[in-house]
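Numbering (this note's numbering), first residue to last: 110 to 402.
Spelled out as C-alpha coordinates, the structure:
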(Lines of atoms letter the chains of each structure in order from A and count residues from 1; the text may use other names and numbers.)
(Lines give C-alpha, C1' and ligand atoms only; values in the text may rest on other atoms or scores of the structure.)
Protein backbone atom coordinates (compact mmCIF):
# COMPACT_ATOMS: atom_id res chain seq x y z
CA UNK A 1 0.00 0.00 0.00
CA UNK A 2 1.37 3.40 -0.98
CA UNK A 3 2.18 5.78 1.85
CA UNK A 4 -0.38 8.55 2.43
CA UNK A 5 1.24 11.99 2.00
CA UNK A 6 1.43 14.04 5.17
CA UNK A 7 -1.12 16.83 5.49
CA UNK A 8 -3.24 18.75 7.98
CA UNK A 9 -7.00 18.31 7.58
CA UNK A 10 -9.12 21.32 8.55
CA UNK A 11 -12.70 20.96 9.85
CA UNK A 12 -15.61 23.35 10.31
CA UNK A 13 -16.33 23.02 14.04
CA UNK A 14 -19.96 24.07 13.64
CA UNK A 15 -20.76 21.25 11.20
CA UNK A 16 -17.73 18.92 11.66
CA UNK A 17 -17.44 18.83 7.87
CA UNK A 18 -13.98 18.88 6.24
CA UNK A 19 -13.02 22.42 5.17
CA UNK A 20 -9.79 21.71 3.31
CA UNK A 21 -6.24 20.46 3.72
CA UNK A 22 -2.76 21.89 4.17
CA UNK A 23 -0.44 19.74 2.02
CA UNK A 24 3.17 18.72 2.65
CA UNK A 25 2.94 18.80 6.44
CA UNK A 26 1.56 16.73 9.32
CA UNK A 27 2.80 16.15 12.85
CA UNK A 28 1.20 15.39 16.20
CA UNK A 29 -0.52 18.72 16.69
CA UNK A 30 -1.42 22.14 15.31
CA UNK A 31 -1.48 25.61 16.90
CA UNK A 32 -3.08 28.71 15.38
CA UNK A 33 -2.53 32.43 15.97
CA UNK A 34 -5.92 34.00 15.07
CA UNK A 35 -4.44 37.50 14.97
CA UNK A 36 -1.78 36.87 12.35
CA UNK A 37 -3.73 34.12 10.60
CA UNK A 38 -0.75 31.79 10.83
CA UNK A 39 -0.94 28.12 11.73
CA UNK A 40 1.89 25.83 12.84
CA UNK A 41 2.11 22.04 12.83
CA UNK A 42 4.52 19.93 14.86
CA UNK A 43 5.88 18.17 11.80
CA UNK A 44 9.57 17.37 11.41
CA UNK A 45 10.58 20.11 10.80
CA UNK A 46 7.64 22.28 11.97
CA UNK A 47 5.52 23.88 9.24
CA UNK A 48 4.01 27.37 9.08
CA UNK A 49 0.89 27.91 6.95
CA UNK A 50 -1.78 30.48 6.10
CA UNK A 51 -5.05 29.60 7.85
CA UNK A 52 -7.19 31.34 5.20
CA UNK A 53 -5.63 30.00 2.02
CA UNK A 54 -4.34 26.77 3.66
CA UNK A 55 -1.09 27.28 1.77
CA UNK A 56 2.24 26.26 3.24
CA UNK A 57 4.40 29.31 4.03
CA UNK A 58 7.63 27.65 5.11
CA UNK A 59 9.38 24.92 7.09
CA UNK A 60 11.17 25.98 10.29
CA UNK A 61 14.59 24.63 11.24
CA UNK A 62 14.58 23.57 14.90
CA UNK A 63 17.89 21.70 14.93
CA UNK A 64 17.97 18.39 16.78
CA UNK A 65 14.46 18.80 18.23
CA UNK A 66 11.84 16.21 17.32
CA UNK A 67 8.53 18.10 17.51
CA UNK A 68 5.59 16.50 19.33
CA UNK A 69 3.32 18.73 21.43
CA UNK A 70 2.60 22.31 20.39
CA UNK A 71 1.02 25.40 22.01
CA UNK A 72 0.16 28.95 20.94
CA UNK A 73 0.21 31.64 23.66
CA UNK A 74 -1.45 34.96 22.84
CA UNK A 75 0.39 36.71 25.69
CA UNK A 76 3.31 37.56 23.41
CA UNK A 77 2.31 35.85 20.15
CA UNK A 78 4.57 32.83 20.47
CA UNK A 79 4.35 29.17 19.54
CA UNK A 80 6.02 26.52 21.69
CA UNK A 81 7.07 23.24 20.09
CA UNK A 82 7.98 20.44 22.52
CA UNK A 83 10.58 17.73 21.88
CA UNK A 84 10.99 14.46 23.79
CA UNK A 85 14.65 13.55 23.12
CA UNK A 86 16.02 17.07 23.63
CA UNK A 87 13.73 17.73 26.64
CA UNK A 88 13.04 21.30 25.58
CA UNK A 89 10.66 23.71 23.91
CA UNK A 90 11.52 25.65 20.77
CA UNK A 91 10.00 29.15 20.90
CA UNK A 92 8.74 30.59 17.59
CA UNK A 93 7.43 34.07 16.79
CA UNK A 94 3.95 33.46 15.34
CA UNK A 95 4.09 36.62 13.22
CA UNK A 96 6.97 35.57 10.99
CA UNK A 97 8.04 32.08 12.08
CA UNK A 98 11.40 33.19 13.52
CA UNK A 99 12.97 30.88 16.11
CA UNK A 100 13.50 32.96 19.26
CA UNK A 101 15.25 30.38 21.40
CA UNK A 102 14.85 27.17 23.37
CA UNK A 103 13.71 26.43 26.93
CA UNK A 104 15.33 23.61 28.91
CA UNK A 105 12.42 21.83 30.62
CA UNK A 106 14.34 19.26 32.67
CA UNK A 107 12.24 16.32 31.51
CA UNK A 108 10.30 14.73 28.65
CA UNK A 109 7.60 17.29 27.77
CA UNK A 110 4.04 16.50 26.73
CA UNK A 111 1.02 18.83 26.93
CA UNK A 112 1.34 22.48 27.96
CA UNK A 113 -1.08 25.18 29.09
CA UNK A 114 -0.85 28.98 29.41
CA UNK A 115 -2.69 31.49 31.59
CA UNK A 116 -2.49 34.30 29.01
CA UNK A 117 -0.58 36.45 31.50
CA UNK A 118 2.97 35.28 30.90
CA UNK A 119 3.07 31.89 32.60
CA UNK A 120 3.22 28.40 31.09
CA UNK A 121 3.11 24.95 32.62
CA UNK A 122 4.33 21.78 30.89
CA UNK A 123 3.63 18.23 32.10
CA UNK A 124 6.49 15.72 31.98
CA UNK A 125 6.11 12.16 30.70
CA UNK A 126 8.98 10.71 32.75
CA UNK A 127 8.65 7.66 35.02
CA UNK A 128 8.46 10.13 37.91
CA UNK A 129 6.01 12.71 36.61
CA UNK A 130 6.14 16.44 37.21
CA UNK A 131 5.10 19.83 35.91
CA UNK A 132 7.61 22.50 34.87
CA UNK A 133 6.59 26.14 35.30
CA UNK A 134 7.90 28.59 32.68
CA UNK A 135 8.20 32.39 32.52
CA UNK A 136 7.13 33.38 28.99
CA UNK A 137 8.95 36.72 29.20
CA UNK A 138 12.39 35.35 30.05
CA UNK A 139 11.90 31.97 28.32
CA UNK A 140 13.20 30.22 31.43
CA UNK A 141 11.90 27.37 33.60
CA UNK A 142 11.14 28.79 37.05
CA UNK A 143 10.03 25.72 39.05
CA UNK A 144 9.58 21.95 38.90
CA UNK A 145 6.65 20.33 40.72
CA UNK A 146 7.21 16.57 41.31
CA UNK A 147 4.38 14.01 41.50
CA UNK A 148 6.19 11.35 43.53
CA UNK A 149 5.23 7.90 42.28
CA UNK A 150 2.85 9.11 39.54
CA UNK A 151 4.36 9.05 36.06
CA UNK A 152 3.72 8.67 32.36
CA UNK A 153 1.77 11.94 32.42
CA UNK A 154 0.49 13.03 29.00
CA UNK A 155 -2.40 15.40 29.71
CA UNK A 156 -2.51 18.81 31.38
CA UNK A 157 -5.40 21.23 31.89
CA UNK A 158 -5.67 24.56 33.73
CA UNK A 159 -8.33 26.35 35.72
CA UNK A 160 -6.76 29.78 35.16
CA UNK A 161 -9.14 31.61 37.50
CA UNK A 162 -8.36 29.47 40.54
CA UNK A 163 -4.78 28.54 39.55
CA UNK A 164 -5.44 24.79 39.54
CA UNK A 165 -3.65 22.27 37.30
CA UNK A 166 -5.04 18.87 36.29
CA UNK A 167 -2.28 16.41 35.28
CA UNK A 168 -3.42 13.12 33.74
CA UNK A 169 -0.92 10.33 34.49
CA UNK A 170 -0.88 6.74 33.20
CA UNK A 171 0.99 5.01 36.03
CA UNK A 172 1.45 5.01 39.77
CA UNK A 173 3.81 3.19 42.11
CA UNK A 174 7.55 2.51 42.03
CA UNK A 175 7.78 0.00 40.45
CA UNK A 176 4.47 0.74 38.69
CA UNK A 177 1.40 -1.06 40.02
CA UNK A 178 0.08 -3.79 37.70
CA UNK A 179 -2.38 -3.54 36.13
CA UNK A 180 -1.71 0.18 35.63
CA UNK A 181 -3.70 2.58 37.79
CA UNK A 182 -4.00 5.89 35.90
CA UNK A 183 -4.53 8.93 38.11
CA UNK A 184 -5.35 12.60 37.73
CA UNK A 185 -3.02 14.64 39.94
CA UNK A 186 -4.66 17.95 40.89
CA UNK A 187 -2.27 20.61 42.14
CA UNK A 188 -1.76 24.31 42.73
CA UNK A 189 -0.31 26.16 39.74
CA UNK A 190 1.30 28.64 42.15
CA UNK A 191 3.48 26.35 44.24
CA UNK A 192 2.90 22.79 43.01
CA UNK A 193 1.20 21.62 46.19
CA UNK A 194 -0.83 18.50 45.41
CA UNK A 195 -4.48 19.02 46.37
CA UNK A 196 -5.79 15.51 45.61
CA UNK A 197 -5.52 12.56 43.25
CA UNK A 198 -8.45 10.90 41.46
CA UNK A 199 -8.64 7.68 39.41
CA UNK A 200 -8.86 7.81 35.62
CA UNK A 201 -10.62 5.22 33.46
CA UNK A 202 -7.58 4.78 31.17
CA UNK A 203 -4.17 6.03 30.15
CA UNK A 204 -4.55 9.65 29.07
CA UNK A 205 -3.06 11.45 26.10
CA UNK A 206 -4.77 14.79 26.64
CA UNK A 207 -6.75 16.92 29.07
CA UNK A 208 -8.79 20.13 28.87
CA UNK A 209 -10.75 22.33 31.28
CA UNK A 210 -14.12 23.99 30.65
CA UNK A 211 -14.38 27.11 32.87
CA UNK A 212 -18.10 27.55 32.18
CA UNK A 213 -18.93 24.16 33.74
CA UNK A 214 -15.87 23.85 36.03
CA UNK A 215 -15.04 20.43 34.63
CA UNK A 216 -11.77 18.81 33.57
CA UNK A 217 -11.78 16.15 30.84
CA UNK A 218 -9.20 13.39 30.24
CA UNK A 219 -9.39 11.23 27.07
CA UNK A 220 -8.00 7.68 26.87
CA UNK A 221 -6.99 5.24 24.15
CA UNK A 222 -9.22 2.51 25.63
CA UNK A 223 -12.31 4.44 24.52
CA UNK A 224 -13.15 6.24 27.75
CA UNK A 225 -13.18 9.84 28.94
CA UNK A 226 -13.07 10.76 32.61
CA UNK A 227 -14.84 13.96 33.66
CA UNK A 228 -13.75 15.59 36.92
CA UNK A 229 -15.95 18.21 38.58
CA UNK A 230 -14.36 21.10 40.46
CA UNK A 231 -16.84 21.73 43.26
CA UNK A 232 -14.51 24.33 44.79
CA UNK A 233 -10.80 25.14 44.41
CA UNK A 234 -10.09 22.49 47.06
CA UNK A 235 -12.82 19.91 46.37
CA UNK A 236 -12.99 17.63 43.32
CA UNK A 237 -14.79 14.43 42.31
CA UNK A 238 -15.04 12.06 39.36
CA UNK A 239 -18.36 13.03 37.85
CA UNK A 240 -18.52 10.51 35.00
CA UNK A 241 -16.57 7.96 32.97
CA UNK A 242 -17.92 8.34 29.46
CA UNK A 243 -17.63 5.72 26.69
CA UNK A 244 -16.21 7.15 23.46
CA UNK A 245 -14.32 5.04 20.91
CA UNK A 246 -11.19 2.92 21.13
CA UNK A 247 -8.22 5.01 20.03
CA UNK A 248 -9.87 8.36 20.83
CA UNK A 249 -6.99 9.41 23.07
CA UNK A 250 -6.52 13.11 22.30
CA UNK A 251 -9.04 15.91 22.59
CA UNK A 252 -9.70 19.62 22.22
CA UNK A 253 -12.27 22.07 23.58
CA UNK A 254 -14.41 24.43 21.49
CA UNK A 255 -15.48 27.25 23.82
CA UNK A 256 -17.94 28.61 21.25
CA UNK A 257 -20.11 25.48 21.23
CA UNK A 258 -19.03 24.05 24.61
CA UNK A 259 -18.11 20.86 22.77
CA UNK A 260 -15.27 18.51 23.66
CA UNK A 261 -13.92 16.94 20.46
CA UNK A 262 -11.93 13.73 20.19
CA UNK A 263 -11.24 11.62 17.14
CA UNK A 264 -10.39 8.04 16.19
CA UNK A 265 -10.53 5.62 13.26
CA UNK A 266 -12.35 2.33 12.85
CA UNK A 267 -10.02 -0.62 12.38
CA UNK A 268 -10.25 -4.09 11.00
CA UNK A 269 -9.60 -7.26 13.05
CA UNK A 270 -6.43 -7.23 15.11
CA UNK A 271 -3.69 -9.64 13.97
CA UNK A 272 -2.96 -12.84 15.87
CA UNK A 273 -0.75 -12.28 18.95
CA UNK A 274 2.87 -13.37 18.49
CA UNK A 275 3.82 -16.95 19.46
CA UNK A 276 4.77 -17.32 23.10
CA UNK A 277 2.62 -14.40 24.22
CA UNK A 278 2.93 -10.66 23.96
CA UNK A 279 0.69 -7.91 22.68
CA UNK A 280 -0.85 -8.12 19.23
CA UNK A 281 -0.65 -5.17 16.89
CA UNK A 282 -3.59 -3.02 15.85
CA UNK A 283 -5.90 -3.85 12.99
CA UNK A 284 -5.54 -1.90 9.76
CA UNK A 285 -7.51 1.38 9.59
CA UNK A 286 -10.67 1.21 7.47
CA UNK A 287 -10.47 3.98 4.82
CA UNK A 288 -13.08 6.71 5.23
CA UNK A 289 -14.14 5.56 8.70
CA UNK A 290 -12.72 8.27 10.92
CA UNK A 291 -15.11 9.60 13.55
CA UNK A 292 -15.51 12.61 15.82
CA UNK A 293 -16.95 12.22 19.31
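Glycine included, each C-beta is placed from N, C-alpha and C at the ideal position. Note that the structure is a prediction, hence the values are computed from the model and not measured.
Assignment of beta-bridge partners to residue 339 by DSSP yields 345.
Put simply, the backbone Cα of residue 351 is about 16 Å away from that of residue 361. Look at residue 215 here: in three-state DSSP terms it is coil, with no helix or strand label. Within the stretch 143 to 206, the complete beta strand (DSSP E) segments at least 3 residues long are 147 to 150, 156 to 159, 165 to 168, 176 to 182, 187 to 192 and 197 to 202, listed from N- to C-terminus.
With distances taken between CA atoms, residue 279 lies nearest to 311 out of 311, 307, 213 and 357. Counting along the chain, the unbroken beta strand (DSSP E) around residue 127 starts and ends at 127 to 132.
Between residue 353 and residue 323, the beta carbon gap of about 21 Å keeps them out of contact (Cβ cut-off 8 Å).
Taking the C-beta atoms as reference points, residue 301 is found nearer than 9 Å to residue 255. If you look at residue 328, you'll find it in the beta strand (DSSP E) that goes 324 to 329. Excluding five sequence positions before and after residue 183, the CB atoms of its chain that fall closer than 7 Å to its own CB belong to 225, given in chain order. Of the candidates 235, 208, 205 and 242, the residue whose Cα lies closest to the Cα of residue 223 is 242. Under the three-state reduction of DSSP output, residue 362 falls in the strand class. Residue 136 counts as buried, since no fewer than 16 other beta carbons sit within 10 angstroms of its beta carbon. Taking C-alpha positions only, residue 336 is separated from residue 326 by approximately 5 Å. Sixteen is the threshold: since fewer than 16 other Cβ atoms of the shown chains lie within 10 Å of the Cβ of residue 161, the residue is exposed. Under the three-state reduction of DSSP output, residue 319 falls in the strand class.
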